[in-house]
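Under the numbering used here, the residues of the sequence shown are numbered 242 to 503, in order. C-beta atoms are modelled at their ideal positions from N, C-alpha and C, and glycine is treated no differently. Treat the numbers as computed from the prediction; the structure is a model and nothing was measured.
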Amino acid sequence: MELTGKAVVVTGGTRGVGAGIAKAFLGAGADVVVCARRPPDQPVERDGRTAAFRPLDLREPDAVRNFFAEVAADYGHLDVLVNNAGGTPYRLLGEGEAERHERVVELNLAAPLRASLAARPYLRDAHGSVVMIGSVSGVRPSPGTAAYGAAKAGLESLARSMAVEWAPEMRVNTLVLGMVRTELSDLHYGDAEGVARVGETVPLGRLAEPGEIGAAAVFLASANASYISGASLLVHGGGERPAFLDAATVDRRANKPEGDGR
242 MELTGKAVVV TGGTRGVGAG IAKAFLGAGA DVVVCARRPP DQPVERDGRT AAFRPLDLRE
302 PDAVRNFFAE VAADYGHLDV LVNNAGGTPY RLLGEGEAER HERVVELNLA APLRASLAAR
362 PYLRDAHGSV VMIGSVSGVR PSPGTAAYGA AKAGLESLAR SMAVEWAPEM RVNTLVLGMV
422 RTELSDLHYG DAEGVARVGE TVPLGRLAEP GEIGAAAVFL ASANASYISG ASLLVHGGGE
482 RPAFLDAATV DRRANKPEGD GR
C-alpha cells in the first residue's frame with residue numbers, strides 16, 4: 242500500500258481517529274495535510290515525518306474552496322480526501338433547541354459534501370479517491386445521537402451516489418466505524434476499567450485503535466482497492482455482541498458435566 246508522492250487531506254485530522262488516519266498515510270509515504278479550526282496540541286507525526294496543518298472551518302464555503310485550491314497548487318496535485326471531521330454530543334431529540342441537532346447534521350453531512358465538491362476538480366485530474374468516515378450509528382437506531390446517526394446514514398448514501406456520478410475518474414468509499422479508543426474515550430466510558438467493560442460488548446473484545454482505522458483508510462485509497470468504489474467497509478470488530486451469546490455461554494457452563502476438562 243505504497244502511497245509515496247501522493248497528496249492527502251484529512252479533515253479533522255489533528256487528534257483522535259483523524260490523527261490515526263493521518264499517521265497511517267504518513268507511514269505509507271504520502272504527503273499529508275490535516276485541517277481543523279484549531280491547531281493540534283502537538284504535531285501529527287510518524288516515522289520522522291510530519292503532517293502539515295492548515296486551519297479550516299468547514300462551515301465556510303469560500304474558505305473550503307480556497308483551501309483545496311491552495312493545497313492542489315502547493316503540491317501540484319491532490320490524490321485523496323478523507324472526510325473525517327464530525328462527531329456529536331449525547332442529546333435526546335426532545336431536549337434542547339432544534340438548531341443544536343441541525344448543527345450536528347451540518348458537520349456530519351453537509352460539510353463532507355462541501356469538501357468533496359471543492360476537492361473534486363483536483364481529485365478528478367489525479368484519478369484519486371474520497372474516503373468517507375461513517376458510523377454504525379447510521380445503520381442502526383441511535384438514541385441520544387439520532388441526528389448524528391441520520392447524518393451518517395445520509396453520508397453513506399451520498400458516497401454511493403458520488404461513486405456512480407464521478408466514475409471512472411475517481412473512487413468514493415465509506416468506512417463504517419464502531420467504537421474507537423481515543424483520548425476522549427474516558428470522557429464517554431469512564432476510566433480504563435469502564436473502557437474495558439465497553440470493549441467486552443464487542444465480539445473482538447476491545448475498542449479499535451485509531452491506527453487500525455487509518456490502515457483501512459490507506460487500503461481504500463491505495464491501488465490494492467483499485468476496483469472498489471461505492472463500498473461501505475465495516476470496521477467495527479464484529480459489531481455488538483448479541484445478548485443471547487452471553488446467555489448461551491452461561492447455560493453451557495451451568496450444564497457442564499463434572500470432570501469434563503474440555
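Which term fits residue i, buried or exposed, when burial requires 16 or more other beta carbons within 10 angstroms of its beta carbon?
i, result
"Leu-334", "exposed"
"Gly-261", "buried"
"Asn-414", "buried"
"Thr-245", "exposed"
"Pro-302", "exposed"
"Gly-419", "buried"
"Pro-382", "exposed"
"Leu-486", "exposed"
"Tyr-200", "The question about residue 200 has no answer here: the residues shown for the chain are numbered 242 through 503."
"Asn-187", "No statement about residue 187 is possible, as the shown extent of the chain runs from 242 to 503 and does not include it."
"Asp-315", "exposed"
"Asp-320", "buried"
So what does residue i bridge to, in DSSP terms?
i, result
"Gly-375", "Val-417"
"Phe-294", "Val-275"
"Gly-467", "Looking at the sequence shown, residue 467 is not Gly but Ser. Beta-bridge pairing links Ser-467 to no other residue."
"Ala-263", "The partner list for Ala-263 (beta bridge, DSSP) is empty, contrary to what the question assumes."
"Leu-474", "Leu-416"
On the premise that residue j lies in contact with residue i, defined as a C-beta separation below 8 Å, what is that separation, rounded to the nearest angstrom?
i, j, result
"Leu-267", "Arg-287", "4 Å"
"Val-417", "Val-377", "6 Å"
"Val-312", "Ala-248", "7 Å"
"Ser-357", "Val-346", "No, Ser-357 and Val-346 are not in contact; Cβ-Cβ is about 16 Å, not under 8 Å."
Tell me which same chain residues have a C-beta within less than 6 Å of the C-beta of residue i, skipping the five on either side of it?
i, result
"Ala-263", "Val-251, Gly-254, Val-273, Val-275, Val-285 and Ala-292"
"Glu-343", "none"
"Val-380", "none"
"Gly-471", "Arg-401 and Ala-404"
Just to confirm my understanding: we take residue i, look at its own chain, exclude 5 residues before and 5 after, and list those with CB closer than 7 Å. What are they?
i, result
"Lys-393", "Asn-349, Gly-375, Ser-376, Ser-378 and Gly-379"
Please go through the same chain and pick out, in chain order, the residues whose beta-carbon is closer than 8 Å to the beta-carbon of residue i, but skip the five residues on each side of it.
i, result
"Leu-445", "Gly-478 and Gly-479"
Identify every run of the alpha helix (DSSP H) within the segment 312–359, keeping only runs that are complete inside it and at least 4 residues long; order them along the chain.
Listed in chain order, the complete alpha helix (DSSP H) runs (minimum 4 residues) inside the segment 312–359 are 339–346.
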